[in-house]
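Protein chains in written order, with our numbering: chain A, 1 to 494; chain B, 1001 to 1269; chain C, 2001 to 2305.
Data block below; observations after.
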Amino acid sequence: MSDEALPPPGPEHADLGAPQLAGPQVGADEWVARQAQRHEHLPSWLGAGQRAAERAGWWPRLALAAVAGLLLPVLGLGGFQLQVGIDALVIALLAVGLNIVVGSAGMLDLGYVAFFGFGAYGFALLSSAKIGTNGIHLSSVLSIPVVMIATGALGLLVGLPSRRLSGDYLAIVTLFFGEAFVEFTNNVSPGVLGGPNGIVGVDTIHAFGVQVSSNKAYYFLLVIVLVVTMAVLRLLDTSRTGRAWRAVREDPLAAAAMTIPVDRVKLMAFAFGATVAGLAGTIFAAQQISVFPTDFDTPILIIIYAGLILGGAGSIAGAATGALVVMVIYDGLLRSPTDSGYLFYGLILLALIAKLRPWRRLALVLAVTAALGFAAHAIASAIAASWVAGGPQSTGLIADALRDWVIVPANPQTAGNVGFVLLVCLLIALVQLKGGWRTILLVPTLYVASFTWETVLSPNPSVTRQLMIGAILIVMMNARPQGLLGTRRVEVAQ
Amino acid sequence: MSAPGQPVLSLSRLSLAFGGLRALSELDLTVGDREIVSLIGPNGAGKSTVFNVVTGIYEPSGGDVRFAGQSIAGRAPHVIAQLGIARTFQSLRLFMNMSVLENVIAATYGHTGATPPESVLRLPRARREEREARELAADVLSFFGQRLAGYRWDQPAYSLSYANRRRLEIARALATRPTLLLLDEPAAGMNPAETHEVTELIGRLRDERKVAICVIEHDMHVVAGCSDRVVALDHGVKIAEGDFDAVANHPAVVEAYMGRDPEALAESG
Amino acid sequence: MSFFFQELVNGLTTGALYALVALGFSMVYGVLKLLNFAHGDLYMVGAFVGYFVIQWFGGPQALHIPVPLLVTIMFVLAAVLVGFLGVAIERFAYRPLRDAPRIAPLITAIGISFFLENAALLLFGAQFRVYNTPDFISFSSGIQIGSVSIDAVQIMVLVMGLLLMVGLRLLVIRTRLGKQMRAVASDREAAEMLGINVNFTIAATFFLGSALAGVAGVMAGLLFNQVTNTIGFIAGLKAFTAAVVGGIGSLPGAMLGGLLIGIAESFITGYISSTYTNLLVFCLLIAVMLVRPTGLLGRPQLRKV
């Protein structure tokens, strides 16, 4: 039986015949409901690997990931890549902490990044020359726990409105708290907090004479901290506290009727989430040896959310994995155009492989796209040389393949802008169409995508990666709200 | 525990007003130890409101609610639940995405006390409480025989059939170790066979689990089959009280359900 | 004392701006129960539309057409284009999520906001675009009441703002569309069962709300003279504040909230210092939310247990 025959579950397919293919539903037997999910696995041996991983159990998977993470520097990860790894691990830690509030307890905290900042600033103040004549320079064995507890207390404070405010209002209040924090660190007590110039000269992590100062050391430290945090949270999740959080997420009214102190449980979620963020903040401040207000502004919050949503809110592993993937791509796009080109085209290819089956169809689409591209390029160069005067941004393998295929004018900005708008429209249309038409539209979409990449996206990597973050949020929520590693939930309107 | 002879639940002159709307007016109601009291009345009579006030969702505007002698009016819902009042909901409110077992064990929260550090480190108290919670869950779920047994424990609640979901909600309520169980329309949406089962179930609950029960029901077969006493409400006021035959034939009750025509009583049975 | 009135006038002007954005925001929340985080960015798009219209007709120094005509075109075009952009966003991003849990459209809205801001950055670059208002709006330089001066742009903003607010109120109360909007806001399923075309009503609401934001964007360009891709974010936050303080879902509340925030901002900047303005406005919001979550004119939502 061809896998193509079964449509993936999702809102746009809910109107198709067999209801059991639309995913988990109230009253539908679970095995049947999960039937569609079985078909979401990658084909052949990749899918077998996925299934084996799912059967293995949570702890073995964590151990495997930990070992892999620790081995990477040994296997040659260094320099810039190490910094990317460190950034990714910090965001992963933050996503795992945010998962407690959003995933387990089901509350939207849009000011979460302020806890991160509070932890960082707290550590900076305790470990630099800022307070007193020469500064406190507290040993990290003391400063880190102190900051964590303080941030946890702040989390309790910020969580207080959750007792009376429902989801939307809570989101607004926490958002404003986050904004207030940035304004505060920017404008209040510049003598102590440093204003826009932040605090520099922060100590590295030190205790009992040992200093953690090299990037490699911070990488290892972060891997260990992340693994331990995930383990602790997993143990918590499978205990009465985790059950209480999930019950409160499902139905706070019923939870209260079943002896669960809803307000206290919500506050605990905030406190735990904040504590993890505080921890991440301390390590971040120590590694950067400085803190600035802009480190904790909204874009960072959105990246954390993108990671959490991509990986799957409600799943600890999902939060960490999603964040790692997002950050690696986010930082990876800043590399040379050749590397980011590999990333871009590689991701597209991966998406096509995962979604477009059988292989014949994929091959056909690629072949037609290639043919039309070459034809278009030839026509364009015949019309005017300036139309194809620009070349692909990358060098090497990709560039050679693309040079005679993608049209890149001498002045790419305007054409690229048009291409960008056109691409967005095409992608929207692609989502609305089904079946054969969708496959047909895929061809021009691929070409325009490459065109837009070469003309405007690749030359402006810092903007492109932000666009990607926004796109992740939009696409994931519409296509796969449970994230890559999450399980689909049934929501009952209340 | 209430002293012998003392009612488990006692509402005295209970009133609740939402602005100008008087939901309950000077309501007196008692439920004795291991008694089954049915609450009937047309829609909008205030029956669910009584449950909501008793369980702490609403605070009464007047009067008192006493549980085993102590006043619980105005206390928080989770505190009232911990004191020993459990309920089910008219429109089911299960923890849909949690498994059957988790739904039941979650309800043991109020009677356990392991702190997060104890839970994380799996210290003896945490391990013991987990074990005891599981045993309680197994016990409570076994009440329903094979229906909620075995492989069902790990299935998410949403995958259960309607009747099983109703049963699960009762099981979950039982896990809070109640002295008083409030069942809100337990037979809603059920066919005659299932309805009969519910009627027997309520009797068994009282006998085996040693709880007092207050039932809201529209299906008179259930009311007739299980009640020790019936109380009829209309527009937030008690209009009749007594055994089933006395209440069913009471003119005020007939009028509330049927309008002013006593002849129509013959059909309602 | 004249300082007080000057700040009051300034506050009312920016307040009118916030009120318009808050109105659109509240309208959308009313029908969809969605906090449209991308709303502020629609305002930014409107401001850019206005800028490009000026450029199209020759730029601020060398206009081909008379100024009143230019300004009219700016407003109309911004209203229409941003209106349709809003409708498109609703159609493709929010409509599939109508029955999804509330968190889904919220996060999508955040994504759209981020996407719009960066799309503008990609397409238009990071530099501030300048309208050059004082030089080219020369049909009148304003009026003088005592020692309080109100310039032409401020008058226009106040008058237009007032007209739009009154117009919207009339539309919601008197017209059939307004009635449909209120019905959908009250109970979407029931409205559908009564024969109201819910999709159209929601699209119309989005169009109106977004158009208002677009018009406010042009006004902002005329008032503040500078346009860049990030102006939507802070304006959006202030509009939230206004809508929430006034009572979210309540249109008079949004107007009241907008004016209050504008005046509060003006006085804080004038009497204390501009560095603390944003911080204090945010703290004001948090305080209001804690004391009276439904806002000044809002009504609490009832729920059935």
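Beta carbons: idealized from backbone N, C-alpha and C, even for Gly.
Everything numeric in this text was worked out from a predicted model, so none of it was measured.
- Residue-level contact check: residue 2203/C does not touch chain A, since none of the beta carbons of chain A fall below 8 angstroms from its beta carbon.
- Just so you know, the alpha carbons of residue 397/A and residue 404/A end up roughly 13 angstroms apart.
- Cβ-Cβ separation between residue 2075/C and residue 2281/C: approximately 27 angstroms, too far for a contact (criterion under 8 angstroms).
- For the segment 456-468 of chain A, residues whose beta-carbon sits nearer than 7 angstroms to a beta-carbon of chain C comprise 456, 460, 463, 466 and 467.
- No Cβ of chain C is located within less than 8 angstroms of the beta carbon of residue 329/A.
- Note that the C-beta distance between residue 265/A and residue 248/A is below 8 angstroms.
- Look at residue 1238/B here: in three-state DSSP terms it is strand.
- One Cα belongs to residue 301/A, the other to residue 1142/B, and the distance between them is close to 47 angstroms.
- If one requires a minimum length of 4 residues, the alpha helix (DSSP H) runs lying completely within the segment 284-360 of chain A are 298-311, 316-332 and 337-355, in chain order.
- Straight-line measurement puts the Cα of residue 85/A at about 59 angstroms from the Cα of residue 1211/B.
- 108: these are the residues of the segment 95-108 of chain A whose beta carbon lies less than 7 angstroms from some beta carbon of chain C, given in chain order.
- For residue 491/A, the closest Cβ of chain C is nearer than 8 angstroms.
- In this structure, the beta-carbon distance from residue 1091/B to residue 241/A does not fall below 8 angstroms.
- Cβ proximity to chain C below 7 angstroms picks out 161, 164, 165, 167, 168, 169, 171, 172 and 173 from the segment 161-174 of chain A.
- In the DSSP assignment, residue 2026/C falls outside any beta strand (DSSP E) and within the unbroken alpha helix (DSSP H) covering 2002-2032.
- Using beta-carbon distances, residue 2256/C does not count as an interface residue toward chain A, since no partner is under 8 angstroms.
- Taking a Cβ-Cβ threshold of 9 angstroms, the residues of chain A close to residue 2276/C are 183, 187 and 188, in chain order.
- Rounded to the nearest whole angstrom, the CA to CA distance from residue 368/A to residue 75/A is 40 angstroms.
- Against chain C, the beta carbon of residue 430/A has no neighbour under 8 angstroms; the closest one sits roughly 11 angstroms away.
- Taking 7 angstroms as the Cβ-Cβ cut-off, the segment 2098-2120 of chain C approaches chain A at 2100, 2101, 2102, 2103, 2104, 2106, 2107, 2108, 2110, 2111, 2112, 2114, 2115, 2118 and 2119, given in chain order.
- For the segment 1082-1100 of chain B, the set of residues with a beta-carbon nearer than 8 angstroms to any beta-carbon of chain A comprises 1082, 1086, 1087, 1089, 1093, 1094, 1095, 1096, 1097 and 1098, in chain order.
- Every alpha helix (DSSP H) stretch that sits fully inside the segment 35-114 of chain A and reaches 4 residues is listed by chain position as 44-56, 58-74 and 80-99.
- Residues of chain B whose Cβ lies closer than 7 angstroms to the Cβ of residue 258/A are, in chain order, 1081, 1106, 1107, 1172 and 1176.
- In this structure the segment 204-211 of chain A touches the segment 140-158 of chain A; the number of beta carbon pairs closer than 8 angstroms is three or more.
- Here the segment 301-312 of chain A makes no contact with the segment 219-231 of chain A; the two share fewer than three CB pairs at distances below 8 angstroms.
- Excluding its 5 nearest sequence neighbours in each direction, residue 2128/C has C-beta neighbours in its own chain below 6 angstroms: 2226 and 2228, listed in chain order.
- With a cutoff of 8 angstroms on beta-carbon distance, residue 2209/C and residue 2027/C are scored as near each other.
- Every alpha helix (DSSP H) of 4 residues or more that sits fully in the segment 2037-2113 of chain C is shown, in chain order, as 2039-2056 and 2067-2089.
- Relative to residue 1191/B, the option among 1219/B, 1053/B and 1223/B whose CA is nearest is 1219/B.
- Separation of the CB atoms of residue 327/A and residue 168/A is rounded to 29 angstroms, and the pair is thereby denied contact status at 8 angstroms.
- The Cβ atoms of residue 238/A and residue 96/A do not sit closer than 8 angstroms to each other.
- Judged by their CB atoms, residue 1198/B and residue 1222/B are nearer to each other than the 8 angstroms cut-off.
- Between residue 2057/C and residue 2065/C, the gap from beta carbon to beta carbon is short of 8 angstroms.
- Separation of residue 475/A and residue 481/A (C-alpha to C-alpha, rounded to the nearest whole angstrom) is 9 angstroms.
- Separation of residue 50/A and residue 90/A (C-alpha to C-alpha, rounded to the nearest whole angstrom) is 26 angstroms.
- At a cut-off of 8 angstroms between beta-carbon atoms, residue 1048/B makes no contact with chain A.
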